[in-house]
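Q:
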Ligand SMILES: [Zn+2]
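Residue numbers (the numbering used here): 6 to 253.
Below, the structure written as C-alpha cells:
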C-alpha cells in the first residue's frame with residue numbers, strides 16, 4: 006500500500022475535528038473522493054489553513070501515519086476564486102455544485118470527467134454574471150459523467166420518438182415518457198416542451214454553445230425543480246444501495 010500520494014484536487018468540504026484539526030474532503034481526477042486529516046489547521050499560526058478552504062483548487066500531498074487515515078503533509082493553492090466568495094449568491098450556488106460533486110463521486114474511484122466538469126464549473130461561476138445556465142449545464146453533464154444520463158429523445162416505455170409537444174419525465178424509468186404513456190404511468194411528472202428542448206440541448210452541446218442559448222426566465226423554476234428532483238431521487242437510491250451493500 007502506498008504511504009504517500011500527491012495530486013491536484015478541489016477542496017469540497019471540511020469538518021472540524023477535535024480542538025485544532027479538520028477533516029478535508031478532496032475531489033481528485035484519478036482517485037475520486039479522498040478524505041484526509043489536516044492537523045492544527047484551526048490554529049491562527051497554521052500555514053496550511055488558507056489553502057484548505059472549500060472552493061480552492063490545490064496541489065496536495067498526503068501521507069499515511071500509523072493510523073488508517075491520510076494526513077495532509079503539504080498543500081499549495083493552484084487557483085482560488087475570490088469572485089465567488091465576494092457574492093453570497095455565487096457562494097450558495099457553488100456550495101450546491103460541490104455538494105453534488107461530492108455526493109455523486111465515489112471514494113478512490115477515478116473520474117476525470119467529473120473532476121474536470123466541477124473545475125470548469127467553478128471557473129464559470131466565478132466569471133459569469135448569469136449563473137443559472139452554468140448550474141444547469143453542470144446538472145445535466147453531471148448525469149452524463151456519472152452514468153445516469155436520462156433518455157430525452159425517445160419514450161422510455163413505448164420507445165416512440167418524442168414529438169415537439171409537452172411530455173412527462175420519470176425519474177425511476179430514467180427519462181421522458183410520451184403523453185400517451187405518461188398519462189397511465191404512476192410517478193410521471195409533466196415537463197413542458199420548452200424545458201425538454203433546453204435539457205436536450207444542454208445534455209448534448211459543448212458549454213460555449215449551450216451558454217450562448219441562455220435559459221428563458223419562464224421555464225427556470227420548472228427546470229430547476231425537475232433537475233433537483235432527479236438528483237435527489239438518484240442520490241437516495243445510491244444511499245439505499247450502499248446501505249444495503251454494507252448490511253450484507
Ligand atoms: Zn410512450
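Cβ coordinates follow ideal geometry from the N, Cα and C atoms, glycine included.
Taking 9 Å as the threshold (beta carbon to beta carbon), is residue 125 in contact with chain C?
A: In the displayed structure, chain C is absent; only one protein chain is listed.
Q: What's the gap between the Cα of residue 156 and the Cα of residue 219?
A: When rounded, the distance between both Cα atoms is 22 Å.
Q: Helix, strand or coil for residue 193 per DSSP?
A: The answer is coil: DSSP assigns residue 193 none of H, G, I, E or B.
Q: Does the distance between the C-beta of residue 162 and the nearest non-hydrogen atom of ligand 1 fall short of 8 Å?
A: At least one heavy atom of ligand 1 is nearer than 8 Å to the Cβ of residue 162, so yes.
Q: State yes or no: is the C-beta of residue 201 nearer than 8 Å to some heavy atom of ligand 1?
A: The answer is no for residue 201.
Q: Return helix, strand or coil for residue 241, following the three-state DSSP convention.
A: Reduced to three states, the DSSP call for residue 241 is helix.
Q: Just to confirm, does residue 165 get its C-beta within under 8 Å of one of the non-hydrogen atoms of ligand 1?
A: Checking the Cβ of residue 165 against ligand 1 gives yes.
Q: Quick one: using the 10 Å Cβ neighbour count with 16 as the cut-off for buried, is residue 158 buried or exposed?
A: Classification for residue 158: exposed.
Q: Take residue 70 and list the residues in its own chain whose beta-carbon comes closer than 7 Å to its own, dropping the five residues that flank it on each side.
A: Around residue 70: 76.
Q: Opposite residue 43 in the DSSP bridges: which residues?
A: 27.
Q: Is the stretch 137-155 touching the stretch 234-243, taking contact as three or more C-beta pairs under 8 Å?
A: The stretch 137-155 vs the stretch 234-243: in contact.
Q: Is there contact here, the stretch 133-151 with the stretch 183-190, by at least three beta-carbon pairs under 8 Å?
A: The stretch 133-151 vs the stretch 183-190: no contact.
Q: In whole angstroms, what separates the C-alpha of residue 72 from that of residue 23?
A: So the two alpha carbons sit approximately 16 Å from each other.
Q: Between residue 171 and ligand 1, is there a pair consisting of the residue's CB and a ligand heavy atom that are separated by less than 8 Å?
A: Every heavy atom of ligand 1 is 8 Å or more from the Cβ of residue 171, so no.
Q: Just to confirm the assignment, what range does the alpha helix (DSSP H) spanning residue 116 have?
A: Careful: residue 116 lies outside any alpha helix (DSSP H) and carries neither H nor E.
Q: So what does residue 76 bridge to, in DSSP terms?
A: Partner(s): 42 and 68.
Q: Decide if residue 163 is buried, meaning its Cβ has at least 16 other Cβ atoms within 10 Å, or exposed.
A: So residue 163 counts as exposed.
Q: Can you grab the Cα-Cα spacing for the pair residue 150 / residue 26, in whole Å?
A: In a straight line, the C-alpha of residue 150 is about 33 Å away from that of residue 26.
Q: In whole angstroms, what is the alpha-carbon distance linking residue 116 and residue 204?
A: Roughly 23 Å between the two C-alpha positions.
Q: Classify residue 56 as buried or exposed, calling it buried when 16 or more other Cβ atoms lie within 10 Å of its own Cβ.
A: So residue 56 ends up on the buried side.
Q: Go ahead and pull the three-state DSSP assignment for residue 224.
A: Three-state DSSP puts residue 224 in a helix.
Q: Helix, strand or coil for residue 167, going by three-state DSSP, please let me know.
A: In this structure, residue 167 counts as coil in the three-state DSSP scheme.
Q: Might you give, ordered along the chain, the residues of its own chain that have their beta carbon closer than 8 Å to the beta carbon of residue 228, omitting 5 neighbours on each side?
A: So the list reads 141, 200, 203, 204 and 220, once near-sequence residues are dropped.
Q: Is residue 91 helix, strand or coil by DSSP?
A: DSSP places residue 91 in coil when its eight states are reduced to three.
Q: Considering Cα atoms alone, identify which of 127, 124 and 108 is closest to residue 241.
A: Checked all of 127, 124 and 108; the closest Cα to residue 241 is 108.
Q: Going by CA-CA distance only, name the one from 172, 110 and 177 that's closest to residue 188.
A: The option with the nearest alpha carbon to residue 188 is 172.
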